[in-house]
Amino acid sequence: MAICSFAVQFAPGTAGDDARFTLGSDPRVTLGPVAGDRLALVMEVPDDEGEAAGEWLLTLPGVLRATLASAYYTDLPITACPTR
Amino acid sequence: MIQLERRDFLKMSAMAAAAAMIAPGTAAAAEGAAPAGGDGLTWSKAPCRFCGTGCGVLLGAKDGKVVAMQADKEADVNKGLCCMKGYHVGLILYGQDRLTRPLKRVAEGKYEAISWDEALTIIAERIKAKPGKFALYGSGQHTIVEGYIANKFVKAGLGHNHIDPNARLCMASAATGYNATYGVDEPTGCYDDLDHCTVLISWGNNPAEQHPVLFSRVMDRRLKGDKIHFIDLATRRTRSSEQADEVHFFAPNSDLAVANGIAHLLVKKGFIDKEWVQKHFNFRKRVAEYAKDPAKPVDFDPEAIKPQNLTGAPMTAAEYAKAIEEYTPEHVEKISGVPADAIRRMADLFADPSQKVLSWWCMGPNQHTRGTAMNSLLHSIHHLAGQWGKPGCGSLSLTGQPSACGTAREVGTFCHLLPGHLPVINPKYRELAEEYWSLPKGRISDKIGFHTVKMWEEFCKPDGAVDTIWVQVTNPGQTLPNQKKLFLKKKECPDKFLIVSDVYPTATTALADLILPSAMYVEKNGMYGNAERKTQQWFKMVPPPGEARDDAWQTLAVSRRLFDMGVETMKDKDGEWIFAKTLKNPDGSVPEAWKWESYYSINVDERCFEEFRRFTRLKHKDLAPYQVYVKAHGLRWPVVQQPDGSWKETLWRFVEGKDPYVKPGAGWQFYHSNSKDDRAFIWFHQYEQPPEMPDAAYPFWLCTGRVIEHWHSGTMTMRVPPLRRSMPHAYVEVHPDDAAALGVKSGDQVVVESRRGELKLPVWINGRGKPPKGTVFVPFFDERLQINLVTLDAHDPFSKQPDFKKCAVRLRRA
Ligand code: SF4
Chain U
1 MAICSFAVQF APGTAGDDAR FTLGSDPRVT LGPVAGDRLA LVMEVPDDEG
51 EAAGEWLLTL PGVLRATLAS AYYTDLPITA CPTR
Chain Y
1001 MIQLERRDFL KMSAMAAAAA MIAPGTAAAA EGAAPAGGDG LTWSKAPCRF
1051 CGTGCGVLLG AKDGKVVAMQ ADKEADVNKG LCCMKGYHVG LILYGQDRLT
1101 RPLKRVAEGK YEAISWDEAL TIIAERIKAK PGKFALYGSG QHTIVEGYIA
1151 NKFVKAGLGH NHIDPNARLC MASAATGYNA TYGVDEPTGC YDDLDHCTVL
1201 ISWGNNPAEQ HPVLFSRVMD RRLKGDKIHF IDLATRRTRS SEQADEVHFF
1251 APNSDLAVAN GIAHLLVKKG FIDKEWVQKH FNFRKRVAEY AKDPAKPVDF
1301 DPEAIKPQNL TGAPMTAAEY AKAIEEYTPE HVEKISGVPA DAIRRMADLF
1351 ADPSQKVLSW WCMGPNQHTR GTAMNSLLHS IHHLAGQWGK PGCGSLSLTG
1401 QPSACGTARE VGTFCHLLPG HLPVINPKYR ELAEEYWSLP KGRISDKIGF
1451 HTVKMWEEFC KPDGAVDTIW VQVTNPGQTL PNQKKLFLKK KECPDKFLIV
1501 SDVYPTATTA LADLILPSAM YVEKNGMYGN AERKTQQWFK MVPPPGEARD
1551 DAWQTLAVSR RLFDMGVETM KDKDGEWIFA KTLKNPDGSV PEAWKWESYY
1601 SINVDERCFE EFRRFTRLKH KDLAPYQVYV KAHGLRWPVV QQPDGSWKET
1651 LWRFVEGKDP YVKPGAGWQF YHSNSKDDRA FIWFHQYEQP PEMPDAAYPF
1701 WLCTGRVIEH WHSGTMTMRV PPLRRSMPHA YVEVHPDDAA ALGVKSGDQV
1751 VVESRRGELK LPVWINGRGK PPKGTVFVPF FDERLQINLV TLDAHDPFSK
1801 QPDFKKCAVR LRRA
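If you're matching them up, the sequences are chains U and Y in order. Throughout the first sequence, residue numbering follows my numbering, covering 1 to 84 in sequence. Throughout the second sequence, residue numbering follows my numbering, covering 1001 to 1814 in sequence.
In structure tokens form, the structure reads like this:
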């Protein structure tokens, strides 16, 4: 499992509220402090879904931006696939 | 239980990092926020290993491995942001197939492990036998000190100038553009302009994928409510286009006509008579006459161009106005396809003093057979309009590599430069370098060495003038254009010898005679210089695997081996080894840094950097002492010491009050002016057709470039599983109408063929990018699908930079 954190910015109005609700009810997500329309959150994702986390956040209709803040590889198996 | 606590702790650290990004000060307030360093990891700063943006990152190491990464909130380049490549930067060290032993080729495709001692002897003997036929091919990924040592090794230690960096392929035209305009290289502004501009024009650039953090910096302002009019001048629709207020496609090469169209309208609006134009600029044109018919450009031998010609010939304001007269918006529309009204709108924005217009670009105007001209024109329209010299206004060339500026340009690893970006043809600078390096008079050659294309041409000819090349930190077997001619021909030249220092097997090591395993990124000390003149330093954090060693050490060790063999040119004027004085201890003893076990007994980077920075003052590119960079999170040169002893960076050059070298009362002062009168240039350059255009036999334009997931030839990013999964292979983007005419759909295989080579690729219709009808696009990151078998090696006559952005191809179903 990888641990990554994001700064997320929401759209004003109900779309943003809905996105907040969706995130709050996702077991992979821990919500953090809020500043205006922005929210800090942490996601725990399996290795092979790690790259999709940010993209997934952006697919939520009320999310305007999702910016990666940190990534912990500690529990990722550090083996990369050779090109050749 | 311990595992659970540790994960919770990591989560708290992660939350603190995100909290700090949403609002300064929130991190401390975040419940349970973990202080940096309290998580059992050793955190250290470094610039990101990949692109020229130069984002600051913090890497967390444990038990000799990098295990965590955070964007550096104290780095003002990225202010806590990173792109998906940066996020994975720690993983690039851990591909399963790292090179860990020196390898000697014993038969086709067969290698045997040898000792470092044997490897050094092989190289030294090869060089000693024919020093004049040896060349070093370096990189914009060389750290500053690696580049400095390689440069001194060749120019001082071999007495010739056959060293050139891969940066020749990516930003040589930007350098000649700046030099032609200001008499000195590198941007006059900086990334802070992105925080102030009201109009942003992208010229043949896709920053959403290639410089995503900088693009976010602008888009973030929009989300906060700032009005920024973003114009995307492009040859295909990209992710950047999706954010643009206006997208205009121009025919390849016709960007010159578009710039001329804007200049034409500015002249019509009377800008030629503006006070700033009269006071601060001279007009210039190319020395060679232009052809009457742009379809038949004047055919001049690029190798015969003299460096002096870069500064052009004077013209009066009236002559300039006459020359630009023909570029009416309608005429430009005919050449470029950009609507006349759009040209008018852009000219109006340039002419509006309430707007702050910023142009930015990267490989589009650089990888261009008229690259120097196009770069010069971009600066020129900003000068003419007065959209220069104020925060938010100007012309900013971005770079693709992390130290194209810091190493290739500032250290001067080009075949025509000395450290400090000093031209080698100037006897004054050669004498000075001989003095700084304690060399006998006349040691440094006055002849410009082989530039990249020429170097590989000579290497790939049986009787060519280069018989040994040492490649460091780059992958020419994938990135040179016209691969069959410039690289694969080596197979037919059994006497040629290719030495490759690298971290992984690549398309280049595949033809190597000797492979040297290198330490990578934070496995060594380093410094990089990014695209806004910012120098950043880092310390070695983890050991390299096996017998991998620093590139800087490799060059020092070969140099020392040659000295020990009695090679005269490896001695300075006192008979000492050329690096002895560089590395000397305060007590006068010379540390044995050429022996690996002693290499880290001193800080080689610090000692070499202190010698290098003497050179930087001559062109007012002053660098601070090494220890200042240890503490700072990057500083933009010139970095000048203040009365209180502190060191201050410079954000905007040539502007009074911002640049310490501008005289009080001067306003703007171009103190390296080519015309020696403190004025910069406004250039006229005629549009000409490119050397190869689609025709009946090859009816499509081919454009090549990058994707967000992969960096350059993919040597690093293709080994990071998440990045590889996100973009697993190359493809060809085809317009739906062209695909229908060929009878292919997405996923079908087609052959892309030029006069030089062909490649089979899967089709992608309406995919990541959307080319206009008649154009196809192929990324170059995939070693298995090398588009440079197809590209053209024609290059700009001044910068010698090849054009990877346009050539003629045909398509057929595979
Ligand atoms: S790849 Fe470039 S934009 Fe991305 S984090 Fe690294 S330096 Fe920044």
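Using N, Cα and C, we set each Cβ at its ideal position, and we do this for glycine too. Given the structure is predicted, the values throughout are model-derived calculations rather than measurements.
Under 5 Å, CB to any heavy atom of the ligand SF4. Which residues pass, going along the chain?
Y/1048, Y/1050, Y/1051, Y/1053, Y/1055, Y/1082, Y/1083, Y/1085, Y/1086 and Y/1213
Residues that residue 1816 of chain Y contacts on chain U, provided the C-beta gap is smaller than 9 Å:
Missing from the structure shown is residue 1816 of chain Y; chain Y here goes from 1001 to 1814 and no further.
If the cut is a Cβ gap below 8 Å, which residues of chain U does residue 1727 of chain Y touch?
For residue 1727 of chain Y, there are no neighbours in chain U by C-beta distance under 8 Å, as the nearest C-beta there is about 10 Å away.
Residue 1361 of chain Y beta carbon less than 9 Å from that of residue 1202 of chain Y
Yes; because the gap between Cβ atoms is below 9 Å, this pair is in contact.
Any C-beta of chain Y sitting closer than 9 Å to the C-beta of residue 32 of chain U?
yes
Rounded to whole angstroms, what is the Cα-Cα separation between residue 1042 of chain Y and residue 1601 of chain Y?
21 Å
Using only CA atoms, which one of Y/1450, Y/1424, Y/1794 and Y/1681 lies nearest to residue 1483 of chain Y?
Y/1794
Indicate whether at least one CB of chain U lies closer than 9 Å to the CB of residue 1022 of chain Y.
yes
Cut-off 8 Å between Cβ atoms - residues of its own chain near residue 1745 of chain Y, not counting five sequence neighbours on either side
1739, 1763 and 1765
Please classify residue 58 of chain U: is it buried, with 16 or more other beta-carbons within 10 angstroms of its beta-carbon, or exposed?
exposed
Would you list, in chain order, the members of the region 15-42 of chain U that have their beta-carbon closer than 8 Å to a beta-carbon of chain Y?
Flagged, chain order: 30, 32, 33, 34, 35, 36, 38, 39, 40, 41 and 42.
According to the Cβ coordinates, are residue 1174 of chain Y and residue 1309 of chain Y closer than 9 Å?
no
For residue 1468 of chain Y, name the three-state secondary structure that DSSP assigns.
strand
Taking only beta-carbon positions, decide if residue 1087 of chain Y is within less than 9 Å of chain U.
yes
Does the count of Cβ pairs from the region 1101-1119 of chain Y and the region 1235-1247 of chain Y closer than 8 Å reach three?
no
Tell me whether residue 1589 of chain Y is buried or exposed, calling it buried when 16 or more other Cβ atoms sit within 10 Å of its Cβ.
exposed
With a threshold of 8 Å, are at least 3 pairs of Cβ atoms found where one atom belongs to the region 1673-1686 of chain Y and the other to the region 1055-1074 of chain Y?
Contact between the region 1673-1686 of chain Y and the region 1055-1074 of chain Y is absent, because fewer than three Cβ pairs lie under 8 Å.
May I ask you to list, following chain order, the residues of the region 1064-1077 of chain Y that have a beta carbon less than 8 Å from some beta carbon of chain U?
1065, 1066, 1067, 1068, 1069, 1070 and 1071
Just to confirm my understanding: we take residue 1596 of chain Y, look at its own chain, exclude 5 residues before and 5 after, and list those with CB closer than 8 Å. What are they?
The residues are 1116, 1549, 1553 and 1557.
Suppose only complete runs of 3+ residues qualify. What are the beta strand (DSSP E) ranges in the region 1044-1095 of chain Y, listed by chain order?
1056-1062 and 1065-1071
Beta strand (DSSP E) runs contained entirely in the region 1226-1280 of chain Y, provided each spans 3 or more residues
Qualifying beta strand (DSSP E) stretches, in chain order: 1229-1234 and 1246-1249.
Residue 1436 of chain Y versus Y/1472, Y/1615, Y/1473 and Y/1625, residue with shortest Cα-Cα distance
Y/1615
Going by other Cβ atoms of all chains shown within 10 Å of its Cβ, with 16 needed for buried, is residue 1832 of chain Y buried or exposed?
Since the first residue shown for chain Y is 1001 and the last is 1814, residue 1832 of chain Y is missing from the structure and cannot be characterised.
Distance, residue 63 of chain U Cα to residue 11 of chain U Cα:
6 Å
Cα-Cα, which of Y/1761, Y/1760 and Y/1694 is closest to residue 1872 of chain Y?
No answer is possible for residue 1872 of chain Y: it lies beyond the span of chain Y, which begins at 1001 and ends at 1814.
Can you tell me the Cβ-Cβ gap for residue 1572 of chain Y and residue 1581 of chain Y, rounded? I've got them flagged as a contact below 8 Å.
7 Å
Would DSSP call residue 1733 of chain Y helix, strand or coil?
Strand, per DSSP.
Check for me: the beta strand (DSSP E) holding residue 1649 of chain Y runs from which residue to which?
Segment: none, residue 1649 of chain Y is in no beta strand (DSSP E) and carries neither H nor E.
Which partner residues does residue 1345 of chain Y have in the DSSP bridge list?
Within the DSSP bridge table, the entry for residue 1345 of chain Y names no partner.
Does the beta carbon of residue 62 of chain U sit closer than 9 Å to a beta carbon anywhere in chain Y?
no
Residue 975 of chain Y at chain U interface by Cβ criterion, 9 Å:
It is not possible to answer for residue 975 of chain Y, since the shown part of chain Y is limited to 1001 through 1814.
Assess, as a yes-or-no matter, whether the region 1068-1086 of chain Y is touched by the region 1046-1058 of chain Y under the definition of 3 or more beta carbon pairs within less than 8 Å.
yes
Beta bridge counterpart(s) of residue 1423 of chain Y as assigned by DSSP
Y/1417
Proximity of residue 1371 of chain Y and residue 1801 of chain Y at Cβ, strictly below 9 Å
yes
Nearest-angstrom Cα distance between residue 1099 of chain Y and residue 1524 of chain Y?
16 Å
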